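Q: Before anything else, here's the structure in question.
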Amino acid sequence: MAATTSADRPAALAGRSRMSPRRRAELSRRAQYAVLLVLVVLAAVTVDWARLGESFFNIDTVRALAPRLPGAALNTVVYTAASFALGLALGLVLALMKLSPVRVWRVLATGYIEFFRGIPALLVVLAFGYAVPAAFQVRFDSVVLQIALALGMVSGAYIAETLRAGMEAVPKGQIEAARSLGMSSTRTLVHVTIPQAFRIVLPPLTNEAVLLVKDTSLVFALGLAVSDFELTKLGRDALSRAGGGLTPIVLIGLVYLLITIPLSSVTRWLERTTGYKGHV
Amino acid sequence: MTAPATATPGAGPVVRISGLHKSFGDREVLKGIDLEVAQGEVVCIIGASGSGKSTLLRCVNLLEQPTAGTVEVLGVEVTHPDVDIDRVRARVGMVFQQFNLFPHRTVLDNCTLAQRTVLRRRRAEAEAVARKNLAHVGLADRAGSLPSQLSGGQQQRVAIARALSMDPALLLFDEPTSALDPELVGEVLTVMRQLADEGMTMLVVTHEMAFAREVADRVIFLDAGVILEEGPPDRVIGNPREERTRAFLRRVLDPTHVEAVTDADPGAAGAVAGGEAVPGSRPLD
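So the protein sequences, as listed, match chains A and B. According to the working numbering, the first sequence holds residues 1 to 280 in order. According to the working numbering, the second sequence holds residues 1001 to 1285 in order.
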């Protein structure tokens, strides 16, 4: 065996007897394009476009639904923004608790995070819809506050872990530099650690925001007035009426994308305006 | 010594260290250091890596908490639990090997942040002080830049300006040129030389023997956690008494000189061997 290998080697090195890795990669790439082309052609030939259009882009359904889309989209955005603001504030407090030298804070924060990460967000929304008002004798006048509290408490748990990781990723030398200038641990946190941590966790934080956009659909569990409908509720409503097939879902899905894709651009813009790239 | 006194610069030594011990777990890094630094004195600390130089420096402003012994800075016993260390640190500047500029702040902001938050200076005053010190290190025109837009040498000079902006009574330098490309070392040393000439009290951990020899009033050779030799630079660097000092200087001044390493301490031998390692030529497969 060993003898054969060594005998083969000069030929292999010269690249004549076998195909070189570069040539193989090139061939593989062409093959993949070819397969893709065949699939596209097949789909174009076999699919019944008229029927597909009827069930996915029924123009009457689009016309009926279109005027209500902006309001629902706005509600989705408002619910998301309120929940995210609350989640961010709560997440920051929890992250600081987790990094506290006081053990009790750490234990409490860990307990909170494990609990709210571990149960479905729907349960929390239901709790704020029915159990919390009954238990504490409060009435929520605004759906926004209700959903923001529910989703804020859940997303706060996720954001806390993200922020904690971000703060731990700030180089130790940064903290030492601040402390050596006489800055207290609190000032160091406010002026040095937290700003840099936010810059580090901007991408995962965007992730949280995008997830939250979709989680606002859970607001249906609160039982809504028509004016409080967000996108998913609106879509379900339209779907339950006859005709139009899947059109409402396609339409709603497109509006969701109109919200979430710009979110990523906002992140990129923030990353640019916060100025520096990584650490020096 | 018992109660923390108020800072009285001018009277007595700026730094007085006695019986300083520092352990990390089981490893004792400093084994009883006694050291005084007088007003306006420039003291260079030299020694092999792992000898405890940086730890000694970091014990002065309590970035490391000493295990035993006392450290007095500007007449304040900083090791005393009642002392507000932040007030002392505000008067003791530190320059790090890795610069540690705040990357999210401009050069000017780097120099004003602590002035405004710690010394409570107004923005206009803080900026005036910062600009004066940036001009002092030759970077007046870079006030608006971000640290990432500067070369290593420029960043280190900003770090010096940042420390100077607090009007320090003492500057600590922790291998300030070790992370720099060779051609950038000079500009930083020039600034440091200038500060020494102006009478700044400086405690400098360095591998730059030429700088130590020229600028230092006193050189300390640290070996395995103790001060093995100290004195004027011409004596300690030019004509060392101790064999271990001589061996260290041979290694530093002539890096290609490996023969002396084997009979020195094994830590240094490892370090040199690592640095000298030549990647073996790998057969083509």
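Glycine included, each C-beta is placed from N, C-alpha and C at the ideal position. These figures come from a predicted structure and were not determined experimentally.
For PRO195 of chain A, which residues in chain B fall below 7 Å Cβ to Cβ?
A: By Cβ distance, chain B contributes HIS1104.
Q: Out of A:ILE59, A:SER180, A:GLU230, which has the shortest C-alpha to C-alpha gap to VAL77 of chain A?
A: Here the closest residue by C-alpha is A:GLU230.
Q: Taking the alpha carbon of THR110 of chain A as the point to measure from, which residue in A:GLY87, A:GLU161, A:GLN146, A:PRO262 has its own alpha carbon closest?
A: Of the listed residues, the one whose Cα sits closest to THR110 of chain A is A:GLU161.
Q: Residues in the region 166-191 of chain A with C-beta within 8 Å of chain B's C-beta atoms, listed in sequence order?
A: Residues PRO171, GLY173, GLN174, GLU176, ALA177, ALA178, ARG179, SER180, LEU181, GLY182, MET183, SER184, ARG187, HIS191.
Q: Just how far apart, CA to CA, sit GLN1154 of chain B and LEU1139 of chain B?
A: Answer to the nearest angstrom: the Cα atoms are 8 Å apart.
Q: Considering only the beta carbon of each residue, do GLY152 of chain A and ALA64 of chain A sit closer than 9 Å?
A: Not in contact: GLY152 of chain A and ALA64 of chain A (Cβ atoms no closer than 9 Å).
Q: Identify the contact partners of ARG199 of chain A in chain B, using a Cβ-Cβ distance below 9 Å as the criterion.
A: Simply PRO1103, HIS1104.
Q: So, are the CB atoms of THR1206 of chain B and GLU1229 of chain B less than 9 Å apart?
A: Cβ distance not < 9 Å, so THR1206 of chain B and GLU1229 of chain B don't count as in contact.
Q: Does the region 1218-1229 of chain B come into contact with the region 1031-1049 of chain B, if we say contact requires no fewer than three beta-carbon pairs (one atom in each stretch) closer than 8 Å?
A: A contact exists between the region 1218-1229 of chain B and the region 1031-1049 of chain B.
Q: Which term fits LEU1057 of chain B, buried or exposed, when burial requires 16 or more other beta carbons within 10 angstroms of its beta carbon?
A: Burial call: buried.
Q: Nearest to CYS1111 of chain B by CA position, among B:GLN1098, B:ASP1086, B:VAL1137, B:VAL1088, is which residue?
A: Here the closest residue by C-alpha is B:VAL1137.
Q: Tell me whether PRO262 of chain A sits in a helix, a strand or coil according to DSSP, three-state version.
A: Three-state DSSP puts PRO262 of chain A in a helix.
Q: Helix, strand or coil for ARG1162 of chain B? Go by DSSP, reduced to three states.
A: Helix, per DSSP.
Q: By DSSP's criteria, GLU1028 of chain B is part of a beta bridge. Which residues make up the other side?
A: B:SER1023.
Q: Closest to THR1067 of chain B by C-alpha separation, out of B:SER1051, B:SER1049, B:LYS1031, would be which residue?
A: Among B:SER1051, B:SER1049, B:LYS1031, the Cα nearest to that of THR1067 of chain B belongs to B:LYS1031.
Q: Between PHE1024 of chain B and chain A, is the shortest Cβ-Cβ distance under 9 Å, so that the two count as touching?
A: It does not: the Cβ of PHE1024 of chain B has no partner Cβ on chain A nearer than 9 Å.
Q: Taking the Cβ atom as the reference point for each residue, do ARG1193 of chain B and VAL1158 of chain B lie within a distance shorter than 9 Å?
A: No, the Cβ-Cβ distance between ARG1193 of chain B and VAL1158 of chain B is not below 9 Å.
Q: Assuming GLN1370 of chain B and SER1165 of chain B form a contact by the criterion Cβ under 8 Å, report the distance between their Cβ atoms to the nearest whole angstrom.
A: Outside the displayed range of chain B (1001 to 1285) lies residue 1370 of chain B, so it cannot be described from this structure.
Q: Which residues in chain A sit within 9 Å of ASP1082 of chain B, going by Cβ to Cβ distance?
A: Those do not exist, as ASP1082 of chain B stays about 16 Å from chain A at its closest Cβ, beyond 9 Å.
Q: Can you have a look at GLN196 of chain A and say buried or exposed, based on whether 16 or more other CB atoms are within 10 angstroms of its CB?
A: With 16 or more other Cβ atoms within 10 Å, it is buried.
Q: List the endpoints of the continuous alpha helix (DSSP H) containing ASP60 of chain A.
A: Here the alpha helix (DSSP H) through ASP60 of chain A covers 59-65.
Q: Suppose you measure from the CA of VAL190 of chain A to the CA of LEU1249 of chain B; what does that come to, to the nearest Å?
A: Near 45 Å, if we compare the C-alpha coordinates of LEU1249 of chain B and VAL190 of chain A.
Q: How about LYS1132 of chain B: is its C-beta nearer than 9 Å to some C-beta of chain A?
A: So, not an interface residue.
Q: Would the beta-carbon of VAL1092 of chain B fall within 9 Å of that of SER264 of chain A?
A: Contact flag unset, no.
Q: Identify each residue in the region 1089-1118 of chain B for which the Cβ-Cβ distance to at least one residue of chain A is less than 8 Å, and report them in chain order.
A: Flagged, chain order: ARG1089, ALA1090, ARG1091, VAL1092, GLY1093, MET1094, PHE1096, GLN1098, PHE1099, ASN1100, LEU1101, PHE1102, PRO1103, HIS1104, LEU1113, ALA1114, THR1117, VAL1118.
Q: Would you mind working out which of A:ILE249, A:LEU205, A:VAL124 sits nearest ARG268 of chain A, comparing C-alpha positions?
A: Minimum Cα distance to ARG268 of chain A is reached at A:LEU205.
Q: Consider the Cβ of ARG1086 of chain B: report whether some Cβ of chain A lies at a distance smaller than 9 Å.
A: Reading off the sequence shown, one finds Asp at residue 1086 of chain B, where the question assumed Arg. With 9 Å as the cut-off, ASP1086 of chain B counts as an interface residue toward chain A.
Q: Give the residues of chain A in contact with ASN1239 of chain B, contact being defined as C-beta atoms less than 7 Å apart.
A: Going along chain A, no residue has its Cβ under 7 Å from ASN1239 of chain B, so there is no contact; the nearest lies around 36 Å.
Q: Quick one: what's got a C-beta closer than 7 Å to SER1018 of chain B's C-beta in the same chain, skipping five residues either side?
A: Result list for SER1018 of chain B: ASP1034, GLY1069, THR1070, in chain order.
Q: Cβ atoms of VAL1073 of chain B and VAL1060 of chain B: under 9 Å apart, would you say?
A: Yes.
Q: For ASN1100 of chain B, is the classification buried or exposed, using 16 other Cβ atoms within 10 angstroms of its Cβ as the cut-off for buried?
A: So ASN1100 of chain B counts as buried.
Q: If you follow the alpha helix (DSSP H) that MET167 of chain A is part of, which residue opens it and which one closes it?
A: First-last of the alpha helix (DSSP H) with MET167 of chain A: 143-169.
Q: Taking the alpha-carbon positions, what's the ALA50 of chain A to THR247 of chain A distance?
A: One C-alpha to the other measures close to 14 Å.
Q: Measure the Cβ-Cβ separation of VAL170 of chain A and MET183 of chain A and say whether it is below 9 Å.
A: Not in contact: VAL170 of chain A and MET183 of chain A (Cβ atoms no closer than 9 Å).
Q: Counting C-beta neighbours from all protein chains within 10 Å, is the total for PHE947 of chain B 16 or more, i.e. buried, or is it exposed?
A: Residue 947 of chain B is absent from the structure shown; chain B starts at 1001 and stops at 1285.
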